[in-house]
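One structure below.
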Amino acid sequence: MTRDEDVATREASRVALVTCDIFPELYEDEFPLRDALRARGVTVESPRWDDPAADWPSYDLAVLRSTWDYPARRDRFVTWAHTVPALANPAAVVEWNTDKHYLRELAAAGLPVTPTTFVEPGEAWTPPDAGEWVVKPTISAGSKDTGRYALPGEAGVAVAHVARLHEAGRTAMVQPYLTAVDGVGETALLYTPGPDGRLAFSHAIRKGPLLTGPDLGDKDAEYNEEISPRTPTEAELAVGERAIAALPSPDRLLYARVDLIPGPDDAPLLVEVELTEPSLFWTYAPGSAERMADAIVARLGATPR
Numbered sequence: 009m010t011r012d013e014d015v016a017t018r019e020a021s022r023v024a025l026v027t028c029d030i031f032p033e034l035y036e037d038e039f040p041l042r043d044a045l046r047a048r049g050v051t052v053e054s055p056r057w058d059d060p061a062a063d064w065p066s067y068d069l070a071v072l073r074s075t076w077d078y079p080a081r082r083d084r085f086v087t088w089a090h091t092v093p094a095l096a097n098p099a100a101v102v103e104w105n106t107d108k109h110y111l112r113e114l115a116a117a118g119l120p121v122t123p124t125t126f127v128e129p130g131e132a133w134t135p136p137d138a139g140e141w142v143v144k145p146t147i148s149a150g151s152k153d154t155g156r157y158a159l160p161g162e163a164g165v166a167v168a169h170v171a172r173l174h175e176a177g178r179t180a181m182v183q184p185y186l187t188a189v190d191g192v193g194e195t196a197l198l199y200t201p202g203p204d205g206r207l208a209f210s211h212a213i214r215k216g217p218l219l220t221g222p223d224l225g226d227k228d229a230e231y232n233e234e235i236s237p238r239t240p241t242e243a244e245l246a247v248g249e250r251a252i253a254a255l256p257s258p259d260r261l262l263y264a265r266v267d268l269i270p271g272p273d274d275a276p277l278l279v280e281v282e283l284t285e286p287s288l289f290w291t292y293a294p295g296s297a298e299r300m301a302d303a304i305v306a307r308l309g310a311t312p313r
């Protein structure tokens, strides 16, 4: 492609950074990516995923970003994703990743996944005798409907939490609270396409402890949000690479986030792999939004309308 053809492709391209009505102009963390794309001559809009007036076939690429209201309507969200012709990440990946049962597959593939017990609706659950535990639904975003419990003292409220999820037809998942998050914190590894178009490590951030107590049903549990840049360890990078290699359709992904916390032996444990609408923390890594914008422009040039 000549330089003039490249410029023409950019100027003719339309990209949707897809959001929801909570953030009608996108969540502010996405502004660097939006601005970097516009600086490259790409037309960028931020339609809501559930906007009936949105003309999805008219976009050269629709990139899921701040669509954080979907968990209560996950089936509708997945159905919608399958109707969008050029969705990143692909709809089949979105369907797989929006239900945390996928952790079973990653564990079966040999990844060091945080030990997880899935309690399906109708199944009885007996709390462990001691320790700190996390209860959350398999379909959620932003730690909503998630609580931290010290057992045996908070066994009753933990059982009530599981019961509330079951009453709503939701599957509960129970994991040990990894105490290293209180000091070391959680490491999020961010991956975006490299020069060859395949996912490559971009940057990392540290998240401080989020959960401070139980979820009592009448309000969300209290959370702290503490974000800072982080240089990951070799062990964390190794687990991240293994996680990326184990994902469905890794060559088609535009972004991925791998969340890790040290386990009892200090080795990194996989908490989640976020492929749908994760925060990618552009503001904590200078140049990261620009790299993503370049990757999007390259993808637009490779898949003309």
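Following this note's numbering, the numbering of the sequence shown begins with 9 at its first residue and continues without gaps.
Glycine included, C-beta positions come from ideal geometry on N, C-alpha and C.
Buried or exposed: residue i, going by 16 or more other Cβ atoms within 10 Å of its Cβ?
i: ALA138; result: exposed
i: ARG6; result: A question about residue 6 goes unanswered here, because the residues of the chain that appear run from 9 up to 313.
i: ARG84; result: exposed
i: ARG313; result: Note that ARG313 scores 41 on pLDDT, short of 50, meaning its location in the model is unreliable and no value can be drawn from it.
i: GLY164; result: exposed
i: HIS169; result: buried
i: THR90; result: For the sequence presented, residue 90 should be read as His rather than Thr. When all chains shown are included, HIS90 counts as exposed.
i: ARG8; result: The question about residue 8 has no answer, for the chain in this structure spans 9 to 313.
i: ARG46; result: exposed
i: THR122; result: buried
i: GLY177; result: exposed
i: ILE30; result: exposed
i: SER66; result: exposed
i: ARG73; result: buried
i: THR106; result: buried
i: CYS28; result: buried
i: GLU162; result: buried
i: ASP259; result: exposed
i: ASP274; result: exposed
i: PRO60; result: exposed
i: GLU33; result: exposed
i: ALA253; result: exposed
i: ASP68; result: buried
i: GLU234; result: exposed
i: PRO129; result: exposed
i: GLY191; result: exposed
Classify residue i as helix, strand or coil using the three-state DSSP reduction.
i: ALA229; result: Because the pLDDT of ALA229 is 46, which lies under 50, any placement of that residue in the model is unreliable, and the number read from its coordinates should be weighed accordingly. Of the three classes helix, strand and coil, the one that applies to ALA229 here is coil, per DSSP.
i: VAL142; result: strand
i: PRO135; result: coil
i: ASP267; result: strand
i: ALA176; result: coil
i: VAL305; result: helix
i: ALA329; result: Since the first residue of the chain shown is 9 and the last is 313, residue 329 is not available in this structure.
i: ALA196; result: strand
i: LEU278; result: strand
i: PRO203; result: coil
i: PRO256; result: coil
i: GLU162; result: coil
i: ASP190; result: helix
i: LEU114; result: helix
With DSSP as the reference, please indicate the residues paired to residue i in a beta bridge.
i: LYS152; result: Beta-bridge pairing links LYS152 to no other residue.
i: ARG22; result: THR51
i: PRO294; result: None; PRO294 has no bridge partner.
i: TYR157; result: TRP141
i: THR284; result: Bridge partners of THR284: none, in fact.
i: VAL127; result: ALA180
i: VAL121; result: LEU278
Roughly how many whole angstroms lie between the Cα atoms of residue i and residue j?
i: VAL26; j: ILE304; result: 14 Å
i: ALA293; j: ASP37; result: 12 Å
i: PRO256; j: SER236; result: 30 Å
i: THR146; j: ASP223; result: 15 Å
i: LEU95; j: LYS152; result: 25 Å
i: ASP267; j: ARG214; result: 10 Å
i: THR179; j: ALA171; result: 10 Å
i: VAL86; j: LEU245; result: 31 Å
i: LEU262; j: PRO160; result: 44 Å
i: TYR35; j: THR51; result: 18 Å
i: PHE289; j: VAL127; result: 32 Å
i: GLU282; j: SER148; result: 12 Å
i: ALA132; j: GLY155; result: 19 Å
i: LEU41; j: THR200; result: 12 Å
i: LEU114; j: MET181; result: 15 Å
i: GLU175; j: THR124; result: 21 Å
i: GLU217; j: ALA20; result: First, the amino acid is wrong: residue 217 is Pro here, not Glu. Approximately 44 Å, taken between the alpha carbons.
i: SER287; j: ALA196; result: 10 Å
i: ASP204; j: ASP302; result: 12 Å
i: ALA117; j: PRO55; result: 37 Å
i: PRO240; j: GLY193; result: 12 Å
i: ARG82; j: VAL142; result: 22 Å
i: PRO120; j: VAL92; result: 34 Å
Which ranges would you report for the alpha helix (DSSP H) in the segment 24–111 if only whole runs of at least 4 residues count? 39–47, 82–89, 99–105
What ranges does the alpha helix (DSSP H) occupy inside the segment 205–254, keeping only unbroken runs of at least 4 residues that lie completely in it? 242–254
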